[in-house]
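Q:
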Amino acid sequence: MHDLPKNLMEPWETSLTAVVKANRLALDNLQKLSVLQMDMLRTCMDLGFARLRAAADIKDAQDFLAFQAGQIDATISLSETLDDEGKALADLGDDIIAECSRLTEDVVGRPPQPLQPPRWAA
């Protein structure tokens, strides 16, 4: 009779463990995403202020031509940075999916293999 409370608590403990793991996973990934976003914000701000300073230094036609060349270089640099950040974000998404799948397997178990459609005799 004294085992009744233990038997009642086991499913709750399992569920609570899964919830704690899911919360930690969400928090860790939110932090990673926030770091990515803040790094990108810093990069864009630095680039923007650098270009504004360059524009403020234009005094003649030569400076203007140099500024235009700098704009092209800045655009190329920003494009490469955005590409790298996009890849990092995609990698983070892949990691989140893999971690969620592992967590689901730990809680629920491995999903059954999909059924194959029947083969019809020719």
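Count along the sequence shown starting at 1, add 1, and that's the number in the numbering used here. Ideal Cβ positions, reconstructed from N, Cα and C, are used throughout, including at glycine.
Three-state secondary structure (DSSP) at Trp-13?
A: Three-state result, Trp-13: helix.
Q: Tell me whether Lys-88 sits in a helix, a strand or coil according to DSSP, three-state version.
A: Lys-88 falls in the helix class under three-state DSSP.
Q: Counting pairs of Cβ atoms below 8 Å between the region 33-43 and the region 84-91, do you hit three or more?
A: Short answer: they touch.
Q: Would you grab the beta carbon distance between Lys-33 and Leu-93 for me? Rounded to a whole angstrom, and I think it's under 8 Å.
A: Contact flag correct, Cβ pair sits at about 6 Å.
Q: Three or more C-beta pairs under 8 Å: does that hold for the region 50-61 against the region 70-81?
A: Taking 8 Å as the limit for Cβ pairs, the verdict is that the region 70-81 does touch the region 50-61.
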